[in-house]
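J.: Just so you know, the sequence shown maps onto residues 340 to 636 in my numbering. Even glycine gets a Cβ: it sits at the ideal position worked out from N, Cα and C. Below is a structure I'd like to ask you about.
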Amino acid sequence: MSAIRPDESPHHPRQYPSTARHLAAATGLVLGLLGTLLLPGTASAAPREDAPGTLPTPPPAPGQAWMGAGVQMHEGEQEAGVRGDVGTAATVEGVDVSSHQGNVDWGALYRSGVRWAYSKATEGTSYKNPYFAQQYNGSYRSGMIRGAYHFAVPSSSSGATQAKYFADNGGGWSKDGKTLPGVLDIEYNPYGSTCYGLSQSAMVSWIRDFTRTYKARTGRDAVIYTTTDWWTRCTGNNGGFGSTNPLWIARYASSPGTLPAGWGFHTFWQYTSKGPIVGDHNKFNGAYDRLKALANG
Numbered sequence: 340m341s342a343i344r345p346d347e348s349p350h351h352p353r354q355y356p357s358t359a360r361h362l363a364a365a366t367g368l369v370l371g372l373l374g375t376l377l378l379p380g381t382a383s384a385a386p387r388e389d390a391p392g393t394l395p396t397p398p399p400a401p402g403q404a405w406m407g408a409g410v411q412m413h414e415g416e417q418e419a420g421v422r423g424d425v426g427t428a429a430t431v432e433g434v435d436v437s438s439h440q441g442n443v444d445w446g447a448l449y450r451s452g453v454r455w456a457y458s459k460a461t462e463g464t465s466y467k468n469p470y471f472a473q474q475y476n477g478s479y480r481s482g483m484i485r486g487a488y489h490f491a492v493p494s495s496s497s498g499a500t501q502a503k504y505f506a507d508n509g510g511g512w513s514k515d516g517k518t519l520p521g522v523l524d525i526e527y528n529p530y531g532s533t534c535y536g537l538s539q540s541a542m543v544s545w546i547r548d549f550t551r552t553y554k555a556r557t558g559r560d561a562v563i564y565t566t567t568d569w570w571t572r573c574t575g576n577n578g579g580f581g582s583t584n585p586l587w588i589a590r591y592a593s594s595p596g597t598l599p600a601g602w603g604f605h606t607f608w609q610y611t612s613k614g615p616i617v618g619d620h621n622k623f624n625g626a627y628d629r630l631k632a633l634a635n636g
């Protein structure tokens with residue numbers, strides 16, 4: 340299935356005195372060294388346990404990343420994104436959650452106007468979200484259209500291996516009108532090297548390996564969640580996925596901004612990590628019937 344444009348049918352598609360100057364320079368050197376020791380992903384960043392509902396910075400251990408973990412570390416959040424100034428285009432509010440939210444109050448979210456949700460199912464090939472059942476089924480029972488996402492760790496195993504793990508552990512799809520296609524969360528590495536140690540061409544191959552395998556297993560093209568900056572750095576701004584895989588753009592600002600190559604429009608937009616009840620809030624780029632069309636394939 341190709342990415343659905345909101346107005347199409349599902350079938351077509353950011354001078355000291357000398358002594359003081361020396362003192363300032365020495366102080367800056369000390370602070371710089373301390374900062375180096377505490378960079379995210381280094382051995383000095385002590386892991387810690389965080390209660391459900393809170394987000395650790397940085398993620399304390401493999402498996403604990405969430406959708407946007409790397410985005411918050413590398414791009415931050417503009418205040419405008421908290422307000423969600425999205426203009427007048429037809430949009431449908433949604434959220435994404437992980438184990439950090441624990442058991443979610445889906446009724447409260449539905450009453451606030453949220454109509455769709457994605458829950459983290461897996462990460463790499465060794466992590467499954469222990470709250471997935473409550474989140475995935477709870478959002479469905481509240482009346483929302485729901486889906487699952489996979490946090491990719493390309494340095495740990497092949498794209499095909501991770502796609503199969505995802506599909507087998509919550510990332511499947513059924514044509515029930517309330518299940519959205521699975522999402523490949525591919526973003527800044529919150530644990531280390533930004534591009535997971537892969538060259539741009541190797542990253543493109545990894546993503547293609549994942550998306551092809553996911554479609555073979557489920558019959559659906561996976562949604563790709565990313566940022567324009569990461570995509571440009573780590574894939575060379577490859578334009579080969581826009582005709583098949585819907586785009587979920589992450590940008591915590593007043594607009595989605597420039598999109599990665601190959602995509603003429605976005606399907607989802609994660610516009611803040613500081614929204615009500617669960618933090619990560621999103622907009623579907625279209626009316627509710629278009630969201631249902633995406634769910635139905």
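Pair every Cβ in the region 521-535 with every Cβ in the region 476-496, then say whether three or more of these pairs are closer than 8 Å.
T.: Result yes; three or more Cβ-Cβ pairs closer than 8 Å.
J.: Start and end of the beta strand (DSSP E) containing R485?
T.: Element bounds for R485: 484-490.
J.: Hey, quick one: how far does the beta strand (DSSP E) through T606 stretch, first residue to last?
T.: T606 -> no beta strand (DSSP E), and no H or E assigned at all.
J.: Among the residues of its own chain, which have a CB less than 8 Å from the CB of K503, if the five just before and after it don't count?
T.: Closer than 8 Å at Cβ, skipping near neighbours: T552, R556.
J.: DSSP state of F471, grouped into three classes?
T.: Reduced to three states, the DSSP call for F471 is helix.
J.: Assess contact between the region 465-474 and the region 510-518, defined as three or more Cβ pairs (one per stretch) separated by less than 8 Å. Is contact present?
T.: Because the criterion of three Cβ pairs below 8 Å is not met, the region 465-474 and the region 510-518 do not touch.
J.: Classify T611 as buried or exposed, calling it buried when 16 or more other Cβ atoms lie within 10 Å of its own Cβ.
T.: So T611 counts as buried.
J.: Along the beta strand (DSSP E) that carries D435, what are the first and last residues, could you check?
T.: Here the beta strand (DSSP E) through D435 covers 430-436.
J.: So, helix, strand or coil for A460, using DSSP?
T.: It is a strand residue.
J.: Please report the straight-line C-alpha distance between E462 and R450, rounded to a whole angstrom.
T.: Each residue's Cα considered, the two are about 30 Å apart.
J.: Which full runs of the beta strand (DSSP E) of 3+ residues lie inside the region 533-612, going along the chain?
T.: If we require 3 residues or more, the beta strand (DSSP E) runs fully inside the region 533-612 come out as 562-565, 586-589.
J.: Can you say whether N303 is buried or exposed, counting buried as having 16 or more other CB atoms within 10 angstroms of its CB?
T.: Nothing can be reported for residue 303: it is not among the residues displayed for the chain, which extend from 340 to 636.
J.: Find out if the Cβ-Cβ distance for the pair G480, W455 is shorter than 8 Å.
T.: For the sequence presented, residue 480 should be read as Arg rather than Gly. Cβ atoms of R480 and W455: not closer than 8 Å.
J.: Can you tell me where the alpha helix (DSSP H) holding G446 begins and where it ends?
T.: Run containing G446: 445-450, per the alpha helix (DSSP H) assignment.
J.: Here's a check: name, in chain order, each residue in its chain whose Cβ is nearer than 8 Å to the Cβ of V543, leaving out the five neighbours to either side.
T.: Once the five neighbours on either side are set aside, the close Cβ partners of V543 are T574, G575, N577, G579.
J.: Could you check what DSSP says for H511 in three-state terms: helix, strand or coil?
T.: What sits at residue 511 in the sequence shown is Gly, not His. G511 falls in the coil class under three-state DSSP.
J.: What did DSSP end up calling K631 once you bin it into helix, strand or coil?
T.: Correct three-state label for K631: helix.
J.: Excluding sequence positions up to five away, which residues of its chain have a Cβ less than 8 Å from the Cβ of D548?
T.: S497, G498, A499, A502.
J.: Check for me: the beta strand (DSSP E) holding V453 runs from which residue to which?
T.: Per DSSP, V453 belongs to no beta strand (DSSP E) and is neither H nor E.
J.: Quick one: Cα of D435 to Cα of D619, how far?
T.: The straight-line gap from Cα to Cα measures roughly 6 Å.
J.: Per DSSP, what kind of secondary structure is G614 in: helix, strand or coil?
T.: If DSSP states are grouped into helix, strand and coil, G614 belongs with the strands.
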